[in-house]
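Residue numbers (the working numbering): 2 to 207. We treat Cβ as the ideally placed atom computed from N, Cα and C, and that holds for glycine.
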């Protein structure tokens with residue numbers, strides 16, 4: 002399991018690994034890498050700021066290239082039992098959008114966990130409507146109160162995630178949409194753990 006994280010999430014990794022390990026039967030590895038410039042390194046294309054003053058860059062392609070060419074090979078070489086071990090990519094918030102976007106770019110990932118993904122991102126709905134994913138299993142989730150925000154751009158997240166789920170179903174993707182209690186900032190570690198557990202369990206059944 003691969004996850005781009007910020008410093009707060011990095012501190013939660015041990016708890017997350019424990020939750021996942023308690024609920025899956027197969028041995029798993031969770032490998033995280035730190036993203037320092039969140040808005041630039043995880044954004045698929047430029048977009049204006051929707052809160053604060055910092056806009057979004059175009060670094061997602063470079064981050065995915067790092068994951069494909071450097072990070073995954075390193076993790077597989079040093080920690081995997083076999084070279085053909087299934088790889089799961091997952092992330093929270095903008096990292097969730099990055100994970101979802103990556104599912105459209107490559108078939109490297111056996112499953113993707115998009116946890117409270119930023120599908121409100123400008124023009125994401127247009128992109129998703131015109132492209133097909135290359136990943137067979139995709140987990141989606143959102144907090145029940147996330148769409149109840151005064152920010153008009155971010156308030157679209159509820160309708161966007163519902164449409165995303167519908168599109169994945171129509172493409173024949175094994176998928177689920179889980180609604181969590183609370184807003185965007187509650188229990189991100191628990192939400193991510195549940196997402197990875199779903200991915201691993203569905204890989205175990207295949």
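Rounded to whole angstroms, the Cβ separation of residue 118 and residue 97 is 3 Å, and the two are in contact under 8 Å.
The Cβ atoms of residue 42 and residue 36 lie closer than 8 Å to each other.
In the three-state reduction of the DSSP assignment, residue 143 falls in the strand class, which pools E and B. For residue 177 and residue 83, the gap between their C-alpha atoms comes out near 28 Å. Where residue 198 is concerned, the enclosing alpha helix (DSSP H) starts and stops at 189–206. Only residues of its own chain outside the window of five on either side were considered, and among them 115, 116, 117, 178, 179, 180, 181, 192, 195, 196 have a CB closer than 8 Å to the CB of residue 142, listed in chain order. Runs of the alpha helix (DSSP H) lying entirely within the stretch 24–79 and spanning at least 4 residues, in chain order: 39–42, 61–67.
Residue 129: member of the alpha helix (DSSP H) spanning 125–131, first to last residue. Spatial neighbours of residue 108 in its own chain (CB-CB distance under 6 Å, excluding positions within 5 residues in sequence) are listed in chain order as 135.
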